[in-house]
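Q: Per my numbering, the very first residue in the sequence shown carries number 4; after that it's consecutive.
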Amino acid sequence: MIGSLDGILAGRSESDGIQIQSRCLNLTDLAASWFRGPSVRSNMINNELAELFDRMSRVLAFKGEDRFRILAYQRAAVSLRDLEEDLTSMSAERRLGEIPGVGKDLAAMIEEYIETGEVQRYIAACKGIPASLIDLMEVPGLGPKTLSILHKKLGIESIEDLNSVIENGTLGKLKGFGDKRAENLRRGLELWLAGRKRIPLGAALPIADGLLAAVRKLPSVKRADIAGSIRRHRETIADLDLLLVSTDTARSLSEFSKLPAVKQVLALGDTRATVLINEGLQVDVRALDESAYGAALVYFTGSKEHNVHLRTIARARGLKLSEYGVFHGSKRIAGEDEKDVYRALKMPLIPPELREDRGEIDVALDDRLPELVEVRDLRGDLHSHTTYSDGRASMKEMVERAGQLGYEYFAPADHSPSARVARGLDLDRLEQKLEELEKLRKIWRGQKLRILFGTEVDILPNGKLDYPDSILARFDVVTASVHASFKQSKDEMTGRLLDAISSPHVDIIGHPTTRLLGSRGPVEFDLERVVRAAAEARVALEVNGSPYRLDLTDTMARVAQEGGALLAINSDAHSVSQLDQIKYGVFQARRGWVRAETVVTTWPLACLEQWLNRDSQ
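1. Any chance you could list the alpha helix (DSSP H) runs of at least 4 consecutive residues sitting entirely within the stretch 326-380, in chain order?
2. Report the start-end ranges of each alpha helix (DSSP H) in the stretch 42-108 that is 4 residues or longer and not cut off at the edges.
3. Apart from the five residues just before and just after E363, which ones in its own chain have a Cβ nearer than 6 Å to its Cβ?
4. Please identify the residue among V329, I48, Q613 and P263 whose C-alpha is closest to the C-alpha of M93.
5. List the residues that DSSP assigns as beta-bridge partners of L284.
6. In three-state DSSP terms, what is T516?
7. Of all the options V288, D343 and D360, which has the alpha carbon lying nearest to the alpha carbon of K307?
8. Using a 10 Å radius around the Cβ and a threshold of 16 neighbouring Cβ atoms, would you call E531 buried or exposed?
9. Taking only runs of the alpha helix (DSSP H) that begin and end inside the stretch 389-459, which ones reach a length of at least 4 residues, in chain order?
10. For A317, which option in D108, V376 and L368 has the closest C-alpha, if you only look at C-alpha atoms?
11. Are the CB atoms of D228 and Q285 nearer to each other than 8 Å?
12. Should T621 be labelled buried (16 or more other beta-carbon atoms within 10 Å of its own) or exposed?
13. Who are I511's beta bridge partners in DSSP?
14. Which partner residues of T239 appear in the DSSP bridge assignment?
15. Return the residue from the list L52, S167 and A563 that minimises the CA-CA distance to E121.
16. Taking the alpha carbon of H514 as the reference point, which residue from F180, L221, Y410 and S387 has its own alpha carbon closest?
17. I240 and L3 - do their beta-carbons sit closer together than 8 Å?
18. Taking all protein chains shown into account, decide if F71 is buried (16 or more other Cβ within 10 angstroms of its Cβ) or exposed.
19. Taking the beta carbon of E186 as the centre, do at least 16 other beta carbons fall within 10 Å, making it buried, or is it exposed?
20. Considering only residues of the same chain and omitting the five flanking positions on each side of Y345, which have a CB-CB separation below 8 Å?
21. Touching or not, the stretch 414-428 and the stretch 450-464, by the rule of three or more beta carbon pairs under 8 Å?
22. Can you name, in chain order, every residue of its own chain whose Cβ lies under 6 Å from the Cβ of R58, other than the five neighbours on each side?
23. For a test of the three-state rule: what should DSSP assign to L145, helix, strand or coil?
24. Our contact map puts A543 next to L582 with C-beta atoms below 8 Å; I'd like the distance itself, whole angstroms only.
25. Would you grab the beta carbon distance between D164 and H577 for me? Rounded to a whole angstrom, and I think it's under 8 Å.
26. From V526 to A560, what does the alpha carbon distance come to, in whole angstroms?
27. What is the C-beta distance between S294 and G332, in whole angstroms, given that I count them as a contact (C-beta under 8 Å)?
28. Assuming G104 contacts A79 under a Cβ cut-off of 8 Å, what Cβ separation, rounded to an integer in Å, is found between them?
29. DSSP on S488, reduced to helix/strand/coil?
30. Can you name, in chain order, every residue of its own chain whose Cβ lies under 8 Å from the Cβ of R617, other than the five neighbours on each side?
31. For T604 and L553, I'd like the C-alpha separation in whole angstroms.
32. On a Cα-Cα basis, can you pick out the residue from L520, V546, G595 and S580 that is closest to D557?
33. Between the stretch 375-386 and the stretch 323-332, do at least 3 Cβ pairs fall closer than 8 Å?
34. By Cβ distance, which residues of its chain are closer than 8 Å to K467, with the 5 residues on each side in sequence left out?
35. Using the beta-carbon count (16 or more within 10 Å), is N171 buried or exposed?
36. Cα-Cα, which of Y116, G191 and A230 is closest to D287?
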């Protein structure tokens, strides 16, 4: 039992991550709306207004306006993306004031947009500023002040302009910049452009699942599956591959091309179709003979390197492997089922997540494939946020959803004081949270779920933690994370993480690389030293389930497990619906060969509590 307690960051910060995490689940909601009908489709207006408020904040920042006004628009955008109700209905019922961060002025702007499709205040603010210039503020390292200088000094107004001054050396010669800063901006631009070409798994998978469900309902379709990199659960997706078996392929492809999700048909034949959905996401559909379906599923799932290695194995055995099957001479000996294809090559079925030619084939040949962690193995979630900090749901609502998920334990882990933009908890508000948590414990007493007192405490630039030891000792579970000063040197960042790991109160290092896919690159640190220290201290390294983080990376998770470190798969949810994004952490861990027994959030409550109390034993 825990006793009572005693007692606008400049530039890019954790708020970027908050916005991006929130954006992901709403993108998936938007994607799923194509298949679920008008009631969900109306939520598109929530996303449109969230984007408008985001852009308004950038415009004001570019103009050097008051930072509190800028922050107000940013917070409103986050709220609208996390909103699980339709703005149109809320406006009609005069309930816009219930939305966190939406006051009278912003409510009036929402109503104006619903009625007219535009906001005059936004139009006036954008006057004279090219839209391409606003877009550039998303480039990592290119804040509004920097962009304003480049606009005035070099006439930068577009991606092409920025790339040109970087490549021709003009930027490096500008006073206050230099070659190093120019190189950092070049990398930031490359990262941003790469992110725009691919979409996160968390946005792509619901689209793929919805599309697959619609295809499987077509009358002539007997069998259908999604293949490609999305089946391997890659972090980001460029396009979709869909395979099907049909009693009438021409009819099936024709019916597919008329689905509501299809925006443009690029090609349509008797055995193949190519269409665009979701603002340009390409889908290639192939109709196959049933006898070759399994071989095609192997081939089109990939990866290319995995397939090449498989063909090498086949040739060594006097066989031929292709998308049409496994052949001995002219006789097809396997092809209808994936398992049979691998069995013909003397190995068990390799899970799609492992098919990257990172040693999985040699291990399979020796019959030593690991039993990978699965979503059903999870028994709890130790990192999520509530309205006590930057979450969009109450602690009661989050706990109720955790109970519905069948968890044995759940730890709402709100931010510490230094995360001011995320409304980190000072000691008074921490006391309030603990009081409510104790009330919830009484309500849930005798039930399966154990509610733990958690925190996500900042690891400060000097390696110290944002709460004193006397406070940290009162938490059931402490996740320590870096949320600022990302540009420290490799040695400084390594030391910072090692200092946190050495604390007797820290249980988990949250999203260790701090990266945001398509927006912010990872910090640099000595992974081997961090893994070794974490293994010795029995501190878990997190595999964060936010589709915009997926941090640790798959390869780092594998290194951590092989180095003896424990892992923790958590959701980092900021709303009730985001608790489900923990599955993306599982997918990432599977790509890293992670087994359930090394993941603390798969352990029974008794084992978890024994681990959490390890320093007191």
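Note that CB positions come from ideal geometry on N, CA and C, so glycine has one too.
A: Quick answer:
1. Positions of the alpha helix (DSSP H) runs, each at least 4 residues long and wholly inside the stretch 326-380, are given as 341-347 and 363-368 in order along the chain.
2. Whole alpha helix (DSSP H) segments, 4+ residues: 47-66, 70-85 and 90-95.
3. Stepping through the sequence shown from its first residue, residue 363 is reached at position 360. Excluding sequence neighbours, E363 sits near I353 and L357.
4. The sequence position of residue 93 within the sequence shown is 90, counting from 1. Of the candidates V329, I48, Q613 and P263, the one whose C-alpha sits nearest the C-alpha of M93 is I48.
5. As a position in the sequence shown, residue 284 is number 281, starting the count at 1. Among the bridge pairs identified by DSSP, L284 is matched with I280.
6. Counting from 1 along the sequence shown, the entry for residue 516 is found at position 513. Correct three-state label for T516: coil.
7. Your numbering for residue 307 matches position 304 in the sequence shown. Looking at the Cα atoms, D360 is the closest of the given residues.
8. Counting from 1 along the sequence shown, the entry for residue 531 is found at position 528. Exposed.
9. Taken in chain order, the complete alpha helix (DSSP H) segments of 4 residues or longer contained in the stretch 389-459 are 398-407 and 430-447.
10. On the sequence shown, position 314 is the one that residue 317 refers to. When each option's Cα is compared against that of A317, the closest is L368.
11. Along the sequence shown, one-based indexing puts residue 228 at 225. Along the sequence shown, one-based indexing puts residue 285 at 282. Taking the C-beta atoms as reference points, Q285 is found no nearer than 8 Å to D228.
12. With the chain covering 4 to 620 only, the question about residue 621 has no answer from this structure.
13. Reading the sequence shown from its first residue, position 508 is the one you call residue 511. DSSP lists T482 and A543 as partners of I511.
14. Taking the first residue of the sequence shown as 1, we reach residue 239 at position 236. In the DSSP output, where bridge partners are listed per residue, T239 has P203.
15. For the purposes of this step, residue 121 is taken as residue 118 along the sequence shown, with counting starting at 1. The shortest Cα separation from E121 among L52, S167 and A563 belongs to L52.
16. Counting from 1 along the sequence shown, the entry for residue 514 is found at position 511. Minimum Cα distance to H514 is reached at S387.
17. The chain is shown only over 4 to 620; residue 3 falls outside these bounds and no answer can be derived.
18. Here residue 71 corresponds to residue number 68 of the sequence shown, with the count starting at 1. The residue is exposed, with fewer than 16 neighbouring Cβ atoms inside 10 Å.
19. Indexing the sequence shown from 1 puts residue 186 at position 183. So E186 ends up on the exposed side.
20. For the purposes of this step, residue 345 is taken as residue 342 along the sequence shown, with counting starting at 1. Residues V301, P351, L352, I353 and A367 of the same chain have their beta carbon placed closer than 8 Å to that of Y345, with the five preceding and five following residues left out of the count.
21. With three or more CB-CB distances shorter than 8 Å, the stretch 414-428 counts as touching the stretch 450-464.
22. Here residue 58 is taken as the residue at index 55 of the sequence shown, counted from 1. So the list reads I137, once near-sequence residues are dropped.
23. Working through the sequence shown from its first residue, we reach residue 145 at position 142. When secondary structure is reduced to three states using DSSP, L145 falls in the coil class, being assigned neither helix nor strand.
24. Residue mapping note: residue 543 aligns to position 540 of the sequence shown, counting from 1. Residue mapping note: residue 582 aligns to position 579 of the sequence shown, counting from 1. Rounded, the Cβ-Cβ distance is 19 Å, inconsistent with contact.
25. Here residue 164 corresponds to residue number 161 of the sequence shown, with the count starting at 1. Here residue 577 corresponds to residue number 574 of the sequence shown, with the count starting at 1. About 35 Å separates the two Cβ atoms, so there is no contact after all.
26. In the sequence shown, counting from the first residue as 1, residue 526 sits at position 523. In the sequence shown, counting from the first residue as 1, residue 560 sits at position 557. Between V526 and A560, the alpha-carbon positions lie close to 16 Å from each other.
27. Reading the sequence shown from its first residue, position 291 is the one you call residue 294. Reading the sequence shown from its first residue, position 329 is the one you call residue 332. That belief does not hold up - the Cβ atoms of S294 and G332 are roughly 17 Å apart, past 8 Å.
28. Translated into the one-based positions of the sequence shown, residue 104 becomes position 101. Translated into the one-based positions of the sequence shown, residue 79 becomes position 76. G104 to A79, Cβ: 5 Å. Contact.
29. Here the question's residue 488 lines up with position 485 in the sequence shown. Looking at S488 - three-state DSSP - the assignment turns out to be coil, as it is neither helix nor strand.
30. By one-based count along the sequence shown, residue 617 stands at place 614. For R617, where only same-chain residues beyond five positions count, the Cβ hits under 8 Å are R541.
31. As a position in the sequence shown, residue 604 is number 601, starting the count at 1. As a position in the sequence shown, residue 553 is number 550, starting the count at 1. Answer to the nearest angstrom: the Cα atoms are 16 Å apart.
32. One-based indexing of the sequence shown puts residue 557 at position 554. In terms of CA proximity to D557, G595 leads the group L520, V546, G595 and S580.
33. Three or more beta-carbon pairs separated by less than 8 Å are not found between the stretch 375-386 and the stretch 323-332, which leaves the two stretches without contact.
34. What you label residue 467 is simply residue 464 of the sequence shown in a count that begins at 1. Non-local beta-carbon contacts of K467 in its own chain, meaning distances under 8 Å to residues more than five positions away in sequence, involve D502 in chain order.
35. Counting from one through the sequence shown, the residue named residue 171 turns up at place 168. Exposed, since its Cβ has fewer than 16 Cβ neighbours within 10 Å.
36. Along the sequence shown, one-based indexing puts residue 287 at 284. Ranking Y116, G191 and A230 by Cα distance to D287 puts A230 first.
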